[in-house]
Amino acid sequence: MLESNAWLQHAQSLAEGGSRKIPHDCGPGDCLHINHKRDGWGAYCHRCAYKGWVPRPAESLTEKLARLQRIKAAEEAVTASPALPLPAEHDPRVWPLEARVWLYKAGISNAEIEGLGIYWNRYMQRVVIPVRDELGHVVYWQARTLDKTNPKKYLNPHVDKRRLVAKFGSGSLLVLTEDLLSAYKVATRGNVAAWCLLGTKITDFIATGILASGKPVTVWLDPDAAGQTNATKIIKQLRAYGVTVRNVVSEKDPKLLGREEIEWTLKAGGAGNGEVFCVRAVRLHASS
Ligand SMILES: [Zn+2]
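The numbering used here numbers the first residue of the sequence shown as 931 and each following residue consecutively.
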């Protein structure tokens, strides 16, 4: 068997967040999966089930502050431009489990993750969701941290968002959501155009686009107080433009609902006649 120290030096030579496969003494081939995590170094052999873990010595307060400062500086540098922050690992099967689970909880499959171009950035320890325009150019991105010590949960590039809307799907109904995954999930229902408002306000540019579409609008923001305060403002604003708007309030963020629940919730509210409907989505299935 490979002694702990033998794999450890390989694991320590990896960049934080990195992993690779190396040989193990139990047989031929690279079957020992080693990784470098923030809190230590690990190894797992897919053949003999050997497991190793060496925790990193606890960091002092000074070291922690220095680390957070380094992360902050690196994050400020990448947010200066909408260019996608690299490196990018596009295959979710090799991401850390927690990173994938965040998307699996929203019912997003590996094939969908790859189709949407969502990737893992191991330097940033973040899942990055790119936003492209109609021509396929990246205009924006959102990066969610998996590092619980990082106070900034979401990172976005500092760009002018006044003319920016992330659009998914197409159809006779326009649904407005407050996060990208919710817009994507709602659009998978079919015959629905789902737009994610990247800011909390509807700018004149966006309002004009909504009006020009001629479609009735369903505002489906998160059920929390902040989401509903915004929903009230948006509905008032759109009604002033003469747009038919209704509000949908579900028990959870739209992205956390099953696809049948989304279907059912959109149907339950009817076509929309200017009244505010409050629909409580119930779980139809224990899990999906
Ligand atoms: Zn082995």
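By construction, the Cβ of each residue, glycine as well, lies at the ideal position given by its N, Cα and C atoms.
- Query: For residue 954, which of helix, strand or coil comes out of DSSP?
  - Reply: strand
- Message: What residue range does the beta strand (DSSP E) around residue 1125 cover?
- Response: 1122-1127
On the three-pair Cβ rule with 8 Å, is the region 1090-1107 touching the region 1061-1071? yes
Review point. Under the criterion of a Cβ to heavy atom distance below 7 Å, does residue 1128 qualify as lining ligand 1?
Key: no
- Query: If you measure from the CB of residue 974, is any heavy atom of ligand 1 nearer than 7 Å?
  - Reply: no
Same chain, Cβ closer than 7 Å to residue 1118, neighbours up to 5 away in sequence not counted: 1189
| query | Nearest CA to the CA of residue 993: which residue from 1198, 1159 and 1079? | reply | 1079
Is residue 1049 helix, strand or coil when you go by DSSP? strand
| Is there contact here, the region 1047-1054 with the region 1014-1027, by at least three beta-carbon pairs under 8 Å? | yes
Starting from the C-beta of residue 949, find all residues in its chain whose C-beta is less than 6 Å away, skip the five residues before and the five after it, and write them out in chain order. 965
Exercise. Using a Cβ-Cβ cut-off of 7 Å (strictly less than) and excluding sequence neighbours within five positions of residue 1201, which residues of its own chain qualify?
Worked result: Bear in mind that the predicted position of residue 1201 carries a pLDDT of just 49, short of 50, making it unreliable; the figure below should be weighed with that in mind. Once the five neighbours on either side are set aside, the close Cβ partners of residue 1201 are 1146.
### Query
Helix, strand or coil for residue 946 per DSSP?
coil
Discussion item. Give me, in chain order, the residues of the same chain whose beta-carbon lies closer than 7 Å to that of residue 1089; leave out the 5 immediate sequence neighbours on both sides.
Written reply: 1012 and 1070
Beta bridge counterpart(s) of residue 1148 as assigned by DSSP | 1105 and 1176
task = Quick one: which unbroken beta strand (DSSP E) runs of 3-plus residues sit fully inside the region 1059-1116? Chain order, please.
result = 1068-1075, 1095-1098 and 1103-1107
> Per DSSP, residue 1056 forms a beta bridge with which residues?
Replying inline: 1051 and 1075
State the start and end residues of the unbroken beta strand (DSSP E) segment that holds residue 982.
981-985
Residue 1123 versus residue 1116: straight-line alpha-carbon distance, rounded: 8 Å
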